[in-house]
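S.K.: In our numbering, the protein residues as written are 1 to 272. The beta-carbon is built from N, C-alpha and C at its ideal position, and this holds for glycine as well. Below are the structure tokens for one structure; questions will follow.
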């Protein structure tokens, strides 16, 4: 009995030590959700935002565009990319020698979508929105550690993504909007190139994404506010949480906070 207890205790201790000295590889990082919050025909949006994960050091940006074609139908498009995005881990051996491991991320994607928006209150201060779309891009992970196959490690892939996003937008005034949204995202990884062997892929939890799509449920809260003197300009902020569903074993960024600027070029032209 004692030998069994010693075995389990040793296994747990070794597992904790090994995991504490291993940098995660995050297969997924959520993009900034596109929430136009339209109320009528001919409204437009050009939004530039930067986001940072609340845990880790991955930063990203998004440039978004949207246009209300009718009083109830709109088109959307966006380009997403990485800013300074890397994780570092510094370890020291018994002799005092320190080693810094670095894992870098380079993710880019384009997306296109369309949706509807309808008032659900008589005063037209509350709108229901439903958007969906498709995105594609790349997902590159590189590190400065030597792999079992030799050379620095890398895992590069192409991505394709479908999303479905219902939301409610509250417009209590002309210059303020608050929108809770819920995005469902399905992402797949193809054309994978890596020099990690199967043991490393399993350790970094990258093995299963070659055969399975990842499905995320992503609640978000977006707010924007502007000024009477410039109704075509607003400051926009957003908070997101990502939750992986299913049994796929992988690491992912679970949240971000973003802030940016929102322009309505059509309204700006009319104002002039």
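1) Quickly, what does DSSP pair residue 25 with across the bridge? List them, please.
2) Helix or strand or just coil, what does DSSP make of residue 267?
3) Per DSSP, residue 161 is paired with what?
4) Checking 8 Å against the spacing of the C-beta atoms, do residue 76 and residue 34 come in under that value?
5) Touch check for the segment 174-194 and the segment 222-239: three-plus C-beta pairs under 8 Å?
6) Using the C-alpha atoms, what's the distance from residue 181 back to residue 18?
7) By the 10 Å Cβ neighbour count, where 16 or more other Cβ atoms means buried, how is residue 260 classified, buried or exposed?
8) Is the beta carbon of residue 30 less than 8 Å from the beta carbon of residue 240?
9) Out of 191, 263 and 39, which one is the CA nearest neighbour of residue 71?
10) Taking Cβ to Cβ, would you say residue 200 is nearer than 8 Å to residue 249?
11) Cβ of residue 187 within 8 Å of Cβ of residue 147?
12) Go to residue 200, then tell me how far its alpha helix (DSSP H) extends in each direction, as first and last residue.
13) Tell me which residue opens and which closes the beta strand (DSSP E) that residue 62 is part of.
14) Pick from 28, 24 and 65: whose alpha carbon is nearest that of residue 254?
15) So for residue 129, helix, strand or coil by DSSP?
16) Verify whether the separation of the beta carbon atoms of residue 155 and residue 190 is less than 8 Å.
17) Quick one: what's residue 117 bridged to in DSSP?
18) Quick check: the Cα distance between residue 166 and residue 128, rounded to an integer number of angstroms?
19) Are residue 204 and residue 25 touching if we call contact CB-CB under 8 Å?
20) Just to confirm, are residue 243 and residue 263 a CB contact at a threshold of 8 Å?
21) How should residue 69 be labelled, buried or exposed, when 16 other C-beta atoms within 10 angstroms of its C-beta is the threshold for buried?
22) I'd like the span of the beta strand (DSSP E) that includes residue 47, first residue to last.
23) If you drop the 5 nearest sequence neighbours on each side, which residues of the same chain put their C-beta closer than 8 Å to that of residue 210?
24) Using the three-state DSSP reduction, which class does residue 210 fall into: helix, strand or coil?
25) When burial is assigned at 16 or more other CB atoms within 10 Å of the CB, is residue 246 buried or exposed?
M.R.: Straight from the coordinates:
1) According to DSSP, residue 25 bridges with nothing at all.
2) If DSSP states are grouped into helix, strand and coil, residue 267 belongs with the helices.
3) Looking at the DSSP assignment, residue 161 forms a beta bridge with 135 and 187.
4) For residue 76 and residue 34, yes; Cβs fall inside 8 Å.
5) Contact between the segment 174-194 and the segment 222-239 is present, because at least three Cβ pairs lie under 8 Å.
6) Because residue 18 carries a pLDDT of 37, less than 50, the predicted location of this residue cannot be relied on, and no value is offered for it.
7) In the assembly as shown, residue 260 is a buried residue. Its beta-carbon has 16 or more other beta-carbons within 10 Å.
8) Contact annotation: residue 30 and residue 240 have beta-carbon atoms nearer than 8 Å.
9) That would be 39, whose Cα lies nearest to the Cα of residue 71.
10) Note that the C-beta distance between residue 200 and residue 249 is not below 8 Å.
11) Residue 187 is not a Cβ neighbour of residue 147, given a cutoff of 8 Å.
12) For residue 200, the enclosing alpha helix (DSSP H) has its first and last residue at 198-203.
13) In the DSSP annotation of this structure, the continuous segment of the beta strand (DSSP E) that includes residue 62 starts and ends at 58-68.
14) Distances from the CA of residue 254 to each of 28, 24 and 65 were compared; the closest alpha carbon is that of 28.
15) It is a strand residue.
16) No; because the gap between Cβ atoms is not below 8 Å, this pair is not in contact.
17) Beta bridge pairing from DSSP links residue 117 with 129.
18) Between the C-alpha atoms of residue 166 and residue 128 there is a straight-line separation of about 7 Å.
19) A Cβ-Cβ contact shorter than 8 Å links residue 204 with residue 25.
20) At least 8 Å separates the beta-carbon of residue 243 from that of residue 263.
21) So residue 69 ends up on the exposed side.
22) Note, residue 47: beta strand (DSSP E), 44-52.
23) Excluding residues within five positions, the ones whose Cβ falls inside 8 Å are 189 and 192.
24) In the three-state reduction of the DSSP assignment, residue 210 falls in the helix class.
25) Exposed is the label assigned to residue 246, since fewer than 16 other Cβ atoms lie within 10 Å of its Cβ.
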